[in-house]
Each structure stands twice: as C-alpha cells, then as structure tokens.
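These notes are about the structure you will find just below.
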Amino acid sequence: MQKHALIFGSLAGGILILLFILEQPLLYQDGKFDFKKGEILGYISMLVSLSMIFFGIRSFRDQHLNGSITFGKAFQVGLMITLVASVIYVVGWMIYYNTSESMQKFPELYLNHMLEELKKSGKSAAEIVKQEAEFRKNMEMYKNPLIMMAITFLEIFPVGLVVDVISALLLKKKPTESSAG
C-alpha cells in the first residue's frame, strides 16, 4: 500500500506543481494578477491532479485485492495518497514562494485587490481599515515558515479528502462468489 501511495501521491503532487507553474503566465498580465481566474484554475488543477487518488485506489484494488475493496481500505489507500500529494505540494509551494520574484509582490497585489473588493461592496471606511490591519497581521504571521506550511497544507488536504471519499465510494467492491471461495 505504501508503494502505491508514494507512486500515485508523487504523481498527484508533481502534476499539481506543474499545472501551478504553467498557469502563472495566464494569471499575471500587465503587472496585475487575475484573482478570480486564479481561484478557478487553482481548484481545477487540484481536482485534475488529485484524480490520481481514484487511479491509485483502483490500481491497488485490482493488483493486490483481486478486484474487491472495502470503503475503509479504499479510504485508507486514498488518504495515504492524499498525504503524499499534500506534502509534495507544500514543498513545491515553499520553494516557489521563496524563489519567485512575482510571489514577493503577491501579498501587496492581494491586499490591493481585497481593498478594492471591500470598497465595491460598500463597507465603511472603518471596516476597511480593520480588514486591512487584520490582513497585514496575517501576512506577518505567514512569514513564519511553519505557519506558511500549515496554511498551504490546509489548502490542498481537504480537497484531497473529498476526492478520497468520493473515490472510495465509487471503487468499493465486494468480492465475487468465485473469488471469495
């Protein structure tokens, strides 16, 4: 099971990092970042890469369990794949965030975007100032590598859990009479 988790988790993490890098030029244009497109492409990339959970569970079921698997065992295999993919994503993000010039500008770009959205929504000046102070406080905390890793892990891991549950439900299969006997 560990071998499948490492193989399919590495594939999922690698695909996610590759898609993330490839989509960056689509998101930065004229010195601005398209946050809406970034959110959509981010979740699509997560789902595409985390489809490896489904394929990993299916491969484990078919190669090691004669085509049958319980929900619990399928979930366990998927969870291990999710953990490997999440760790690879965190490592990739830490490297990218700390070496990319564009990422050094990202917090300020996001702050400006957030302030524009707050103004458009009709928030009071006091509320906007309060939100800005909170954002700056959070960004200060984000400079701590352990906090950055935890937040990054929590971006991908819950999505992986959802894919894992759905995959385990779709792939669970009781043994047939001929293979049970």
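The opening residue of the sequence shown carries number 48 in the numbering used here; numbering runs sequentially from there. No residue lacks a Cβ here, since even glycine has one placed at the ideal position from N, Cα and C. No experiment lies behind these values; they were computed from the predicted model shown.
Member of the options whose CA lies at the smallest distance from the CA of residue i
i           : options            : result
residue 137 : 104, 163, 194      : 194
residue 121 : 154, 218, 72       : 218
residue 83  : 174, 157, 179, 168 : 157
residue 216 : 100, 74, 86, 144   : 100
residue 52  : 135, 153, 198, 205 : 135
residue 110 : 165, 61, 196, 48   : 48
residue 160 : 190, 199, 85       : 85
residue 67  : 92, 179, 223       : 92
residue 214 : 73, 90, 119, 87    : 119
Assigned secondary structure, residue i (DSSP; H/G/I helix, E/B strand, else coil)
i           : result
residue 220 : strand
residue 190 : coil
residue 79  : strand
residue 227 : Here residue 227 scores only 48 on pLDDT, less than 50, and its place in the model should not be relied on; the value that follows carries that caveat. Helix.
residue 53  : helix
Beta carbon of residue i nearer than 7 Å to that of residue j
i           : j           : result
residue 97  : residue 212 : no
residue 133 : residue 54  : no
residue 50  : residue 115 : no
Own chain partners of residue i with C-beta closer than 6 Å, once the 5 adjacent residues on each side are dropped
i           : result
residue 64  : 139
residue 60  : 132, 135, 136
residue 71  : none
residue 222 : 115
residue 144 : 150
Residues of its chain near residue i, where Cβ-Cβ distance is below 7 Å and the 5 sequence neighbours each way are ignored
i           : result
residue 207 : 97, 100, 129, 132, 133
residue 57  : 131, 135
residue 117 : 219
Exercise. Do the stretch 96-111 and the stretch 126-135 touch if we need at least three Cβ pairs shorter than 8 Å?
Worked result: yes
For this session: Say whether the stretch 177-186 touches the stretch 69-81, bearing in mind that this needs 3 or more beta-carbon pairs closer than 8 Å, one atom from each stretch.
Result: no
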